[in-house]
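Novice: Residue numbers for the sequence shown, in the working numbering: 15 to 181.
Structure incoming, see below.
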Amino acid sequence: MKTRADLFAFFDAHGIAHTTLDHPPVFRVEEGLEIKKALPGGHTKNLFLKDAKGQLWLISALGETTIDLKRLHTVIGSGRLSFGPEAMMVETLGVTPGSVTAFGLINDTDRRIRFVLDKALAQSDPVNFHPLGNDATTAVSQAGFRKFLTALGITPMIVDFETLTLA
């Protein structure tokens with residue numbers, strides 16, 4: 015599994031500028047409110063999910079976005095969604111609960127996870143994610159985030175969570 019240092023080396027190798035703020039561990043969106051005041055841009059919540067068909071999903075959205083898991087499956091074409099098991103999270107993203115992050119996709123070398131990106135987050139700049147641990151927050155520009163995904167061979171499915179439609 016790749017570490018925080020590996021992630022930063024990947025950013026550097028791909029010309030992705032990044033800044034990181036170390037802070038006490040946070041486990042829920044509400045806990046990081048003071049930290050967010052110090053960092054501009056879109057702050058995220060990330061959900062690791064598994065559908066009834068066994069497909070793994072990662073959803074990254076703005077922290078204040080409401081995600082209706084009971085209806086989302088009809089939009090993204092999945093089976094019914096539930097939270098994924100911790101062991102699968104560790105195996106595929108290399109993170110534990112409380113540290114789920116789109117940057118964890120660097121560890122999904124078998125591309126088992128389908129990535130869903132909130133339209134509002136896709137329009138935020140910069141974007142802020144945990145760098146594989148919940149004791150820091152790393153900011154990259156929206157262009158840098160897209161470069162990260164492209165380098166991994168990932169095309170996000172963009173969903174407008176306000177209207178619950180594909181964007």
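Glycine included, every Cβ here is placed at the ideal spot set by N, Cα and C.
If you're wondering where the values come from, they're calculated on a predicted model, not measured in any experiment.
1) Using the three-state DSSP reduction, which class does Gly29 fall into: helix, strand or coil?
2) Can Asn142 and Thr58 be called in contact, C-beta distance under 9 Å?
3) Have a look at Leu107 and Thr34 and give me their C-alpha separation to the nearest angstrom.
4) What are the start and end residues of each continuous beta strand (DSSP E) run of 3 or more residues lying completely inside the stretch 45-96, in chain order?
5) Taking the DSSP output, what are the residues bridged to Met171?
6) Less than 9 Å between the beta carbons of Gly10 and Phe129, yes or no?
7) Which two residues bound the contiguous alpha helix (DSSP H) that contains Thr164?
8) Assign Asp139 to one of three DSSP states: helix, strand, or coil.
9) Enumerate in chain order the residues of its own chain whose CB-to-CB distance from Ser74 is below 7 Å, with the five nearest sequence positions on each side excluded.
10) State the start and end residues of the unbroken alpha helix (DSSP H) segment that holds Glu105.
11) Can you list, in chain order, the residues of its chain with a C-beta nearer than 8 Å to that of Gln156? Leave out the 5 residues immediately preceding and following it.
Specialist: The relevant details are as follows:
1) Three-state DSSP puts Gly29 in coil, outside helix and strand.
2) Contact annotation: Asn142 and Thr58 have beta-carbon atoms nearer than 9 Å.
3) Distance between the alpha carbons of Leu107 and Thr34 is about 20 Å.
4) 56-65 and 70-76, all fully within the stretch 45-96.
5) In the DSSP assignment, Met171 is bridged to Val130.
6) Residue 10 lies beyond the residue range present for the chain, which begins at 15 and ends at 181; the question has no answer from this structure.
7) Where Thr164 is concerned, the enclosing alpha helix (DSSP H) stretches over Gln156 to Leu166.
8) Residue state, collapsed to three classes: coil.
9) Cβ within range, chain order: Thr58, Asn60, Ala116, Leu131, Asp132 and Leu135.
10) Counting along the chain, the unbroken alpha helix (DSSP H) around Glu105 starts and ends at Glu100 to Leu107.
11) Its chain contains Ala136, Gln137, Ser138, Asp139, Pro140 and Val141 as the residues whose beta carbon lies nearer than 8 Å to that of Gln156, once the 5 sequence neighbours on both sides are disregarded; these appear in chain order.
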